[in-house]
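Below is one structure, written out as structure tokens; comments come after it.
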Amino acid sequence: VDNTFIFASAVSVLISGTAEEDYVEIWPPNPVVKFGGSLHLNCTSNCEDIGIESAYTKVPIGNGSNWKAFLLSNLDDWAASPLCYADCKTGQKKSPKANIIIYSKPLAGLILQPIWSLLRILGKMEVGKQYNLICRVFGVAPIRDLTVTLLKGEEQLLVKTFKDHTQLEAGVVVVNHRIRAQQNDYNKTITCQTSLDLRPAGPLLTNTSHDLKPLQLTIALFLLFCILTCSIYLKRSICSNQIENAEIERNSHSHPFHFFGTSGIQPFQVLYF
Numbered sequence: 011v012d013n014t015f016i017f018a019s020a021v022s023v024l025i026s027g028t029a030e031e032d033y034v035e036i037w038p039p040n041p042v043v044k045f046g047g048s049l050h051l052n053c054t055s056n057c058e059d060i061g062i063e064s065a066y067t068k069v070p071i072g073n074g075s076n077w078k079a080f081l082l083s084n085l086d087d088w089a090a091s092p093l094c095y096a097d098c099k100t101g102q103k104k105s106p107k108a109n110i111i112i113y114s115k116p117l118a119g120l121i122l123q124p125i126w127s128l129l130r131i132l133g134k135m136e137v138g139k140q141y142n143l144i145c146r147v148f149g150v151a152p153i154r155d156l157t158v159t160l161l162k163g164e165e166q167l168l169v170k171t172f173k174d175h176t177q178l179e180a181g182v183v184v185v186n187h188r189i190r191a192q193q194n195d196y197n198k199t200i201t202c203q204t205s206l207d208l209r210p211a212g213p214l215l216t217n218t219s220h221d222l223k224p225l226q227l228t229i230a231l232f233l234l235f236c237i238l239t240c241s242i243y244l245k246r247s248i249c250s251n252q253i254e255n256a257e258i259e260r261n262s263h264s265h266p267f268h269f270f271g272t273s274g275i276q277p278f279q280v281l282y283f
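Numbered per my numbering, the sequence shown spans residues 11 to 283.
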């Protein structure tokens with residue numbers, strides 16, 4: 011008898027008699043979802059009684075011979091990691107946890123310090139002077155996928171990333187950068203751009219702050235309105251006092267009043283440097 015044939019036949023019988031290994035899987039394994047949104051997860055297994063463990067609200071939405079689908083809603087827990095399970099012959103078996111990435115779109119705001127100098131209120135910067143540029147990014151998550159870019163016109167002043175950031179919850183990011191105003195910066199706008207890159211599983215979310223000029227011109231116009239209003243009110247008040255004093259002077263004989271005029275009183279003035 012050929013020993014090689016006997017060995018090959020034994021191996022063939024052994025392989026054909028091996029039972030299929032139990033498995034439980036979850037899909038997708040790395041979904042990306044907006045904070046407070048919803049998600050479809052699919053559990054597959056060759057075992058019985060397929061289910062899902064999750065801290066989120068979950069509703070079955072479909073099933074087959076070896077799978078069951080669930081809708082998870084109101085995803086507001088930043089750290090929850092659902093998993094699938096099934097009852098196998100060797101006991102309950104679980105899938106790896108789904109790594110859900112919950113994101114929140116960033117909103118950028120820009121401040122240029124000093125804020126309250128007269129030139130800054132008028133939307134101007136003094137050549138040769140240093141200013142502190144502050145970009146605040148609100149409500150962004152995950153911060154590790156954020157990129158902040160400070161721009162002067164088309165020129166990149168600073169590009170900052172946060173790859174080492176481990177916080178899952180939405181937070182505030184502050185980026186500081188000092189700039190010196192130059193003569194050739196005339197009429198250039200300063201902006202803060204944010205990019206939350208969740209690709210390939212999620213979207214690319216970008217946001218640009220409003221440039222500084224519209225805000226400062228609005229403040230300047232508001233102050234100009236206040237100045238003109240105060241000037242008109244002051245003049246009317248002085249004229250009213252003048253008329254009243256003149257009447258008193260004509261009607262009084264024992265204690266006459268003398269009005270010294272208003273030539274020395276000037277309305278508020280805006281000083282330009």
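For glycine and all other residues, C-beta sits at the position ideal for the given N, C-alpha and C.
Using a threshold of 7 Å, state whether the C-beta atoms of Pro116 and Val150 are closer than that. yes
Give the DSSP bridge partners of Thr199, in chain order. DSSP, once it has assigned bridges, lists no residue as partnering Thr199.
Which listed residue (Glu30, Pro39, Thr199) has its alpha carbon closest to that of Leu120: Ranked by Cα distance from Leu120, the options Glu30, Pro39, Thr199 are led by Thr199.
For Phe283, count the other beta carbons within 10 Å of its own beta carbon; 16 or more makes it buried, fewer makes it exposed. Which is it? Residue placement at Phe283 is poorly supported in this model, since its pLDDT is 26, which falls under 50; the coordinates still yield a value, given next. So Phe283 ends up on the exposed side.
With Arg146 and Val182 assumed to form a contact (beta carbons below 8 Å), what rounded beta-carbon distance in angstroms separates them? 6 Å
Residue from Thr176, Arg209, Lys139 whose Cα sits closest to the Cα of Gln192: Lys139
CB-CB under 6 Å to Leu215, same chain, minus the five flanking residues each way: which ones, in chain order? Annotation for Leu215: Lys115, Leu206 place their beta carbon closer than 6 Å to its own, counting only its chain and skipping 5 residues before and after.
Under the rule that 16 or more other beta-carbon atoms within 10 Å means buried, what is Ile62, buried or exposed? Under a 10 Å Cβ-count criterion, Ile62 is classified as buried, with 16 or more other Cβ atoms of the shown protein chains found around its own Cβ.
Counting only the same chain and skipping the five closest in sequence on each side, list residues whose C-beta sits under 8 Å from that of Ala65. Within the same chain, Ala65 has close Cβ partners Asp87, Ala90, Pro92.
Who are the near neighbours of Asn84 in its chain, counting only those whose CB is closer than 7 Å to its CB and skipping five residues on each side? Once the five neighbours on either side are set aside, the close Cβ partners of Asn84 are Gly46, Tyr66, Thr67.
Length-filtered (3 minimum) beta strand (DSSP E) runs lying within the segment 110-187: 111-113, 117-123, 140-150, 156-162, 165-171
Between Ala180 and Cys94, what straight-line distance do the alpha-carbon atoms span, to the nearest angstrom? 27 Å
Contact belief for Lys78 with Cys98 at Cβ below 8 Å, rounded distance in angstroms: Not really, about 15 Å apart at Cβ, beyond 8 Å.
Using CA coordinates, which residue listed in Asn186, Pro106, Val158 is at the minimum distance from Thr171? Ranking the options by Cα distance to Thr171, first place goes to Val158.
Let me know the secondary structure DSSP gives Asn194 once reduced to three states. helix
For Leu208, which beta-bridge partners are listed by DSSP? Leu208 is not bridged to any residue.
Please classify Ile71 as buried or exposed, where buried requires at least 16 neighbouring CB atoms within 10 angstroms. exposed
From the DSSP output, which residues share a beta bridge with Ser55? Val34
If we ignore side chains and look at the alpha-carbon of each, how far apart do Thr218 and Pro106 end up? One C-alpha to the other measures close to 39 Å.
Cβ-based burial, Ala108 [other Cβ within 10 Å; buried from 16]: Result: buried.
Euclidean distance between Cα positions of Ile60 and Leu81: 15 Å
One question on the structure: do Cys202 and Leu160 come within less than 7 Å of each other, judged by their Cβ atoms? Yes.
Heavy atom of the ligand FMN within 6 Å of Pro70 beta-carbon: Summarising the ligand content, the structure contains no ligands, and the ligand FMN is consequently not present.
Apart from the five residues on each side of it in sequence, which residues of its chain come closer than 7 Å, Cβ to Cβ, to Gln123? Tyr141, Asn142, Ile144
From Pro39 to Arg209, what does the alpha carbon distance come to, in whole angstroms? 15 Å
Keeping to the same chain, check which residues put their C-beta closer than 7 Å to that of Lys44; ignore five residues upstream and five downstream. The answer, listed in chain order, is Tyr113.
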